[in-house]
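Below is one structure, written out as structure tokens; the observations come after it.
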Amino acid sequence: LKDHHKNPEMTFSEFINQMSEKRNFQYILTGVIVLLLVITVFFFFRNRSAKKEDLAWFKTGQIIKNYYKPTKSSMMFADPNQTFEYASDVDKYKDCIINFREIMPSLEKTTAEPVALFYLGKSYFNIEEYKDAHETFDLLYSKHPKHFLAPLAILNDGFTLENSKNYDDAINRFKFVYDIFPDNIAAPYALLHMSFCYEALGDFENAYSILDKIEKYEGYEINELAQDRKRYLDIHKELILKQQPVSEQVQPEEDLPEPPDDTDGE
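Each residue of the sequence shown is one higher than the last, beginning at 755 in my numbering.
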């Protein structure tokens, strides 16, 4: 209105257009400011998240480096037959567990969390804390079912149940690995340990036949292990049969005489 009074020759429509242009400029300026704020906030949280990721991996990597040798087996499997000659080995993994438990809250929602959970589960396994190992591997899979460690978590959970003599549950875990992840490196090892569990349950037929499925994994060292195991089961089965009382052994059917031909008497 002041502009209109300053310039009385300005028409009302010109005045409205001028005000609209000012408002449009204000809208554009406000939009630019809001956009800059959004970008600033985005990069702030992005950098914060990146720093959290870097710190999470640094902490996790340091613990793994201190307590585990960088071998293929240490990354993939808990050794079901592992034993320790010195008490210091047990103390070492107990310290490892303490360190992992201290940093776990800070690893929440980072890509380092499943790796830390995997090694935490292995550490519990290594000191025969099978209940805690089972819960840790189960937690890893439930929180990160699509992570590359997911099939290995289920496999190691099977090892845990196998060593706890929960053979039926262990077989279910191994079956799950083979059925859901047949092309994963964990699959043939799941089959091999299914054979161990079937043998422990006295089911030699399944213990032997399940090994045939390993043959398709050509190039795996486990193929040779499967063949060795078949030979072992053959010998073991023969020894068990020899130890059974004669009455319990399956006797071969004797050749029975042919029934008389009634047509001869006619």
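Yeah, the Cβ is synthetic: ideal placement off N, Cα and C, and Gly gets one too.
Bounding residues of the alpha helix (DSSP H) (the contiguous stretch that carries residue i)
i, result
"Glu953", "940-954"
"Thr706", "Past the boundaries of the shown model lies residue 706; the chain is included only from 755 to 1020, so the question cannot be answered."
"Thr914", "904-917"
"Ala866", "It is not in any alpha helix (DSSP H) - Ala866 carries neither H nor E in the DSSP assignment."
"Tyr932", "921-934"
"Tyr822", "No alpha helix (DSSP H) holds Tyr822; DSSP gives it neither H nor E."
"Glu975", "Segment: none, Glu975 is in no alpha helix (DSSP H) and carries neither H nor E."
"Glu969", "No alpha helix (DSSP H) contains Glu969, which DSSP labels as neither H nor E."
Beta-carbon proximity check, residue i vs residue j, cutoff 7 Å
i, j, result
"Ala954", "Tyr921", "yes"
"Ala940", "Leu906", "yes"
"Ala904", "Thr814", "no"
"Asp911", "Phe891", "yes"
"Tyr895", "Ile818", "no"
"Phe930", "His947", "no"
"Leu965", "Arg983", "yes"
Separation of residue j from residue i, as counted between CA atoms
i, j, result
"Ile908", "Val788", "48 Å"
"Glu867", "Asp988", "44 Å"
"Ile852", "Cys951", "32 Å"
"Lys863", "Ser877", "22 Å"
"Lys848", "Ile881", "8 Å"
"Glu807", "Ser860", "10 Å"
"Lys919", "Ile925", "11 Å"
"Ser963", "Glu883", "32 Å"
"Glu969", "Gln981", "9 Å"
"Phe879", "Thr784", "59 Å"
"Asp843", "Phe913", "20 Å"
"Met858", "Trp811", "12 Å"
"Ser949", "Asn960", "7 Å"
"Lys846", "Pro899", "29 Å"
"Glu972", "Tyr932", "16 Å"
"His901", "Asp937", "15 Å"
"Glu856", "Phe935", "32 Å"
"Tyr822", "Glu916", "23 Å"
"Asn820", "Gly956", "42 Å"
"Phe854", "Gly875", "10 Å"
"Gln816", "Lys897", "23 Å"
"Leu809", "His990", "53 Å"
"Leu893", "Thr865", "15 Å"
"Lys967", "Lys805", "46 Å"
"Glu889", "Phe958", "30 Å"
"Cys850", "Lys885", "17 Å"
Residue i Cβ short of 6 Å to the ligand MG heavy atom set
i, result
"Asn960", "Among the components modelled here there is no ligand, and therefore nothing to report on the ligand MG."
Could you check whether the segment 967-976 touches the segment 926-944, counting it as contact only if at least three pairs of C-beta atoms, one from each stretch, sit closer than 8 Å? Taking 8 Å as the limit for Cβ pairs, the verdict is that the segment 926-944 does touch the segment 967-976.
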